[in-house]
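Chains as they are written, first to last, in numbering that gives the first Met the number 0: chain A, 0 to 326; chain B, 0 to 326.
Each residue gets a CB set at the ideal place from its N, CA and C atoms; glycine is no exception.
Because the structure is a prediction, the values reported are computed rather than measured.
2 protein chains.
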Amino acid sequence: MNKDLKTQIMDLVAPDLEQVEQALAENLSPHLDLVKQIASHLLFSGGKRLRPLLFIHAARMCGYTGKDAVLFSTIFEYLHAATLLHDDVVDGADMRRGKPAAHTRWPAPQVVLTGDFLLARALDIAARTREPRVISVIAQITQEMSQGEIDQLAQKGRNDVTEARYLDIIERKTAVLIQGACQCGAILAKVSAQKENALKSFGFHLGMAFQMADDLLDYTATAEQLGKNPGADMREGKLTLPLIYSLAKAGPGDRQWLESMMADPDVGPNHFKKLQKKLADWNAIAYTEAKARTHVEKAKKNLAIFDAAPSKSVLSLTADYAVHRKV
Amino acid sequence: MNKDLKTQIMDLVAPDLEQVEQALAENLSPHLDLVKQIASHLLFSGGKRLRPLLFIHAARMCGYTGKDAVLFSTIFEYLHAATLLHDDVVDGADMRRGKPAAHTRWPAPQVVLTGDFLLARALDIAARTREPRVISVIAQITQEMSQGEIDQLAQKGRNDVTEARYLDIIERKTAVLIQGACQCGAILAKVSAQKENALKSFGFHLGMAFQMADDLLDYTATAEQLGKNPGADMREGKLTLPLIYSLAKAGPGDRQWLESMMADPDVGPNHFKKLQKKLADWNAIAYTEAKARTHVEKAKKNLAIFDAAPSKSVLSLTADYAVHRKV
């Protein structure tokens with residue numbers, strides 16, 4: 000099913016994807032060579048371009064015919080890349096998309112500043128929309144994202160993160176940007192408030208599902224699929240839903256065992272395999288999957304008010320793909 | 000003369016200054032407490048509010064009567080604070096305005112993210128101007144500043160920075176923001192292109208003079224005046240105009256001595272005093288002062304097309320103050 004979905008989506012978005020790749024490269028010039036190198040290292044390392052594609056197809060489904068959809072779509076990829084650069088420095092993560100993280104190849108200060116540059120680049124392009132509401136949405140997204148990351152950082156290493164807190168963190172660190180990409184497509188197309196809100200809600204639920212699936216993959220995917228070792232979140236002291244659920248449900252013995260695993264940054268592959276099995280036994284995987292699927296269903300319901308169109312299919316298929324993907 | 004100038008300016012801006020302080024505090028709420036703490040540590044540690052005051056008086060001199068001048072003025076202080084937070088992390092500087100730098104009190108990641116937040120806050124407020132050109136100017140400033148800082152970082156520890164390169168760096172790291180504050184005042188007041196350009200040029204030259212004076216103070220002021228030990232730039236491997244000029248003019252013996260000073264991050268007070276004396280003997284101090292004064296004169300010439308008004312006096316006096324200040 001996974002391959003099918005991916006193929007279906009790719010058939011619909013291939014021409015856009017090519018233009019997005021081109022625009023992402025073009026809009027980095029002319030700038031300092033070092034900035035371009037660092038930004039390109041991350042930007043052209045196999046990202047899915049989820050956010051630009053969602054923006055383009057949200058706008059198109061809403062009837063947007065402006066010629067700058069591709070240009071404007073880069074806003075959301077640059078913003079995303081800016082936060083990834085800062086997050087990698089902040090988290091000290093070594094790998095990203097199967098490549099060494101930028102800060103392992105360049106000094107952290109340069110990476111931080113390149114993140115700043117990409118943030119500013121995104122806002123510069125946003126200004127070109129000449130649509131103050133788009134700019135407001137983007138500025139607010141950026142505020143939410145930085146606060147979400149700080150909040151997550153404050154929770155690092157804690158064993159008492161609640162599910163509510165987790166939902167709040169993933170909303171800010173992931174869902175608001177995807178929500179914003181979809182909403183801005185609607186704003187530029189000047190649709191009714193009802194349609195704009197439907198797309199905003201679609202993006203929110205898709206974002207929540209996407210992050211839950213991502214957090215799940217960290218326990219269920221192979222190193223090859225992930226491009227980094229699984230279990231990275233746990234090793235970084237980040238509690239995500241599978242562990243939060245397990246800690247809440249576990250008896251004292253299991254809880255102690257879990258906490259000892261979490262306290263060990265060098266947990267070996269055999270112990271990790273045991274953990275994976277336990278998470279499945281405790282229903283933590285199924286629980287997280289079910290939560291993610293509920294968000295996908297909620298996302299798709301928001302599309303009901305739009306007429307059938309290829310772009311509507313892209314959005315709907317992408318929502319399904321968010322939870323079915325293996326990487 | 001210094002005190003006189005300061006008093007004259009303060010008499011003209013005191014009511015604005017109070018409102019700016021209030022707006023800076025108000026616009027940080029409601030947000031994550033940690034963000035507020037880190038941002039406040041820097042924001043309320045005795046900044047001169049040069050950028051907000053320039054914006055307010057540029058706008059007022061151009062006839063702007065909107066009620067949001069004070070709110071919009073915070074854009075430029077938040078942007079400035081964001082870059083200071085990132086720069087301190089990047090430079091590893093321990094002190095800022097006589098207080099421990101934020102990253103010595105909080106982990107660097109939180110400080111970086113608070114910088115991101117302030118950047119986003121600035122852009123959020125910029126969006127409220129509903130003036131796409133203001134937003135463009137601000138996005139471009141941010142791009143220039145991050146690139147200027149990266150460029151400066153790349154020059155760190157090099158002994159062959161040219162005066163042209165130095166001018167390019169200080170333009171990007173300081174002048175563009177001050178230029179932007181003045182220009183945005185003009186844009187919001189919807190004056191002619193001639194007047195807008197005059198204010199832009201005023202801000203550019205004031206910014207250049209201001210940074211040169213700052214770089215000079217690092218060699219001429221006392222630790223008490225600076226709130227940190229003088230010679231910080233040299234210890235961080237940053238070549239500024241006094242040293243660049245000296246290196247270019249020095250004979251082989253002096254040049255070798257200078258380079259050995261620059262290579263020693265723990266240069267003692269006696270050696271530093273000797274350096275200060277030499278910089279004066281070599282004319283490096285006078286040369287830098289003269290350059291800064293030329294920029295002040297160029298800045299003030301741009302004010303000629305505006306009618307006499309208290310705000311015009313503020314701008315003109317501030318230009319003088321940029322090079323006469325002792326801190």
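Give the secondary structure of residue i by DSSP, where H, G and I count as helix, E and B as strand, and everything else as coil.
| i | result |
| --- | --- |
| Arg95 (chain B) | strand |
| Met0 (chain A) | Note on Met0 (chain A): pLDDT 48, under 50, position unreliable in the model; the coordinate value appears next. DSSP places Met0 (chain A) in coil when its eight states are reduced to three. |
| Ile186 (chain A) | helix |
| Arg324 (chain B) | coil |
| Lys299 (chain A) | helix |
| Leu27 (chain A) | coil |
| Gly236 (chain A) | coil |
| Asn196 (chain B) | helix |
| Ala262 (chain A) | coil |
| Glu20 (chain A) | helix |
| Ala100 (chain A) | coil |
| Asp86 (chain B) | helix |
| Asn282 (chain B) | coil |
| Cys181 (chain B) | helix |
| Lys47 (chain A) | coil |
| Asp414 (chain B) | It is not possible to answer for residue 414 (chain B), since the shown part of chain B is limited to 0 through 326. |
| Ile8 (chain B) | helix |
| Ile124 (chain A) | helix |
| Gln269 (chain B) | Checking the sequence shown, residue 269 (chain B) turns out to be Asn, not Gln. It is helical. |
| Ser312 (chain A) | helix |
| Val67 (chain B) | According to the sequence as given, residue 67 (chain B) is Asp; it is not Val. In this structure, Asp67 (chain B) counts as coil in the three-state DSSP scheme. |
| Ala119 (chain A) | helix |
| Ala138 (chain A) | helix |
| Pro131 (chain B) | helix |
| Pro106 (chain A) | coil |
| Ser145 (chain B) | helix |
| Ser191 (chain B) | coil |
| Thr221 (chain A) | coil |
Hey, is residue i's beta-carbon within less than 7 Å of any beta-carbon in chain A?
| i | result |
| --- | --- |
| Ile149 (chain B) | yes |
| Met0 (chain B) | With a pLDDT of only 48 at Met0 (chain B), under 50, the local geometry of the prediction cannot be trusted, and the value read off the model is given with reservation. It does not: the Cβ of Met0 (chain B) has no partner Cβ on chain A nearer than 7 Å. |
| Ser72 (chain B) | no |
Which chain A residues are close to residue i, counting only those with a beta carbon under 9 Å from its beta carbon?
| i | result |
| --- | --- |
| Gly79 (chain B) | Inspection of the sequence shows that residue 79 (chain B) is occupied by His rather than by Gly. Those within 9 Å of His79 (chain B) in chain A number zero; the least Cβ separation is about 13 Å. |
At a CB-CB cut-off below 8 Å, which residues of chain B make contact with residue i?
| i | result |
| --- | --- |
| Gln182 (chain A) | Those within 8 Å of Gln182 (chain A) in chain B number zero; the least Cβ separation is about 14 Å. |
| Val88 (chain A) | Pro108, Val111 |
| Ala222 (chain A) | The premise fails here: Ala222 (chain A) is roughly 26 Å from chain B at the closest Cβ pair, so nothing lies under 8 Å. |
Could you tell me whether the Cβ of residue i comes closer than 7 Å to any Cβ of chain B?
| i | result |
| --- | --- |
| Thr161 (chain A) | no |
| Pro108 (chain A) | yes |
| Thr141 (chain A) | yes |
| Leu112 (chain A) | yes |
| Leu33 (chain A) | yes |
| Gln146 (chain A) | yes |
| Val175 (chain A) | no |
Cβ closer than 8 Å: which chain A residues qualify as neighbours of residue i?
| i | result |
| --- | --- |
| His102 (chain B) | In chain order: nothing, as chain A lies at least about 11 Å away. |
| His85 (chain B) | Val111, Leu112, Asp115 |
| Ala291 (chain B) | Neighbours of Ala291 (chain B) on chain A: none; closest Cβ ~26 Å, over 8 Å. |
Which residues in chain B have a C-beta closer than 7 Å to the C-beta of residue i? List them in chain order.
| i | result |
| --- | --- |
| Leu152 (chain A) | Pro108, Gln109 |
| Ala138 (chain A) | Ala119, Leu122, Asp123, Ala126 |
key: Chain-ordered residues of the region 114-135 of chain A with a beta carbon less than 7 Å from chain B   = Asp115, Phe116, Leu118, Ala119, Arg120, Leu122, Asp123, Ala126, Arg129, Pro131, Ile134, Ser135
query = Does the count of Cβ pairs from the region 260-280 of chain A and the region 188-195 of chain A closer than 8 Å reach three?
reply = no
key: Members of the region 304-324 of chain B near chain A, C-beta cut-off 8 Å   = none
inquiry  = Does the contact criterion of 3 or more C-beta pairs under 8 Å hold for the region 35-47 of chain B versus the region 103-121 of chain B?
reply    = yes
ask   = Is there contact between the region 152-160 of chain B and the region 124-133 of chain B, where contact requires at least three CB pairs shorter than 8 Å?
value = no
inquiry  = When you compare the region 57-66 of chain B with the region 171-190 of chain B, are there three or more beta-carbon pairs, one atom per stretch, that lie closer than 8 Å?
reply    = yes
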